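Written below as structure tokens is the structure these notes are about.
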Amino acid sequence: MRTEGGTPGRVDVGLPVQLVVGLVLVAGCWALFWTVVNAWTEIFFFGLWLGYALTVDGVVRLRTGTSILTRSAAQFCLLFGYSVPFWWMHEWFNTALHNWYYVEPIPHSEPVRVLLYSLCFSTALPALFESAELLRSTRLVDRPGRWRPLRRTPALLYGVSVFGVLLLTAVLVFPRQLFFLIWLCPLLVLDPVNTRLGFPSLWGQLARGRWQPLLALALGGLMCGFFWEMWNYWTVGAHWVYRLPAFLSHVHLFRMPMPGYLGYVPFAWSAYAYYQTLRGLLTPASVDPLGLE
């Protein structure tokens, strides 16, 4: 719940069930993910990040009296389904970029690998959006104030989408030189489309001088990036390793070179644009469950 001024209002809702379930999942799966090697280690990763999403949702519920799960359990579940093709799209990009690869102590057959990886990929959007909503409820982000409105003429929106397509093509043709721009391309292509179609969009928010959703998503991306990299670093099971140019690889935080964390910012924005496009096309009658407006 928010007051008229936009600040979070505390509501006595008791201890949310999702918070308890989430903490149990995080504690159990964290320990297993870092200590157990078997053919199904990825299930611990899924449980860990499901627990993360539920925990953060419960904290948001305590802070504000509402949350993504309590506003729409169906849309919360759909986030997991929408997340799978989003991350497989980036896996396809990576066949040209070769920015990361996976280490599997116990190799899988291809059908099992696709199934387990899809399960893991399904947690990306819930984790990002729950983190963004948590940060949106804090004084760090939820402050009154407006920027100068961003222009949004039809020609400008169309031009940005075309530029996004051209940039994506250039990244795939020149991956070693432009690899770092891949996280921005879905945003450039899809967010102007969402604006023109009347779907929620970051451009639409900035056109009204509202910067809070943009900042909340950026910080949410960094927050998830920290936990993704930390939990990946000490696992003894399946994990990913980066393969980036030497000039980016001198200072690391976990396995990720420090400059690489900047990619989580446009990644979160692109995830939001992708989600709003898919939700608007597949469930046009649904109400946006994200508390970022």
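Numbering-wise (the working numbering), the sequence shown opens with residue 1427 and increments by one.
C-beta: ideal position from N, C-alpha, C; glycine also.
What you are looking at is a predicted structure, and each value in this text was computed from that prediction instead of being measured.
Contact holds between the segment 1609-1617 and the segment 1690-1701, because three or more Cβ pairs, one in each stretch, are under 8 Å apart. Only residues of its own chain outside the window of five on either side were considered, and among them V1662 have a CB closer than 7 Å to the CB of T1461, listed in chain order.
As a beta-bridge residue in DSSP terms, P1683 pairs with H1678.
Counting only residues of its own chain and dropping the five nearest sequence neighbours on each side, L1613 has a CB closer than 7 Å to the CB of P1692, W1695, S1696, A1699. At a cut-off of 4 residues, the continuous stretches assigned as alpha helix (DSSP H) that sit fully inside the segment 1534-1568 are 1536-1547, 1550-1562.
The beta-carbon distance between A1479 and E1559, rounded to whole angstroms, is 11 Å. This is too long to meet the 8 Å contact definition.
Around the beta carbon of S1493, 16 or more other beta carbons sit within 10 angstroms, so the residue counts as buried. Of all C-beta pairs linking the segment 1517-1534 to the segment 1622-1632, fewer than three are shorter than 8 Å, placing the two stretches out of contact. With fewer than 16 other Cβ atoms from the protein chains shown falling within 10 Å of its own Cβ, Q1603 counts as exposed. Secondary structure at W1609: coil, using DSSP grouped into helix, strand and coil.
Between A1642 and L1718 a beta carbon distance of about 6 Å is seen, short of the 8 Å cut, so the two are scored as contacting. Ranked by Cα distance from T1490, the first of T1564, Q1501, M1656 is T1564. Annotation for V1443: no residue places its beta carbon closer than 6 Å to its own, counting only its chain and skipping 5 residues before and after.
Judged by DSSP secondary structure, V1667 falls within the beta strand (DSSP E) whose first and last residues are 1665-1668. A distance below 6 Å between beta-carbons, with the five flanking residues on each side excluded, links L1449 to the following residues of its chain, in chain order: T1481. The beta carbons of L1593 and T1703 sit no closer together than 8 Å. For A1644, the number of other beta carbons within 10 angstroms of its own is at least 16, and it is reported as buried. Of M1649, P1671, L1458, the smallest CA-CA separation from G1473 is found for L1458. With distances taken between CA atoms, L1707 lies nearest to Y1508 out of Y1508, R1574, A1596. Separation of the CB atoms of F1512 and L1551 is rounded to 7 Å, and the pair is thereby assigned contact status at 8 Å. In this structure, F1471 keeps its C-beta atom at 8 Å or more from the C-beta atom of P1715. Two segments are said to touch when three or more pairs of C-beta atoms, one from each, lie closer than 8 Å; by this definition the segment 1580-1595 does not touch the segment 1655-1670.
A direct Cα-Cα distance of roughly 12 Å separates P1685 from G1651. Residue pairing for V1529: DSSP places it in a beta bridge opposite H1665. The Cβ atoms of G1477 and L1451 sit closer than 8 Å to each other. Under the 10 Å beta carbon count, G1647 is surrounded by 16 or more other beta carbons and is classified as buried.
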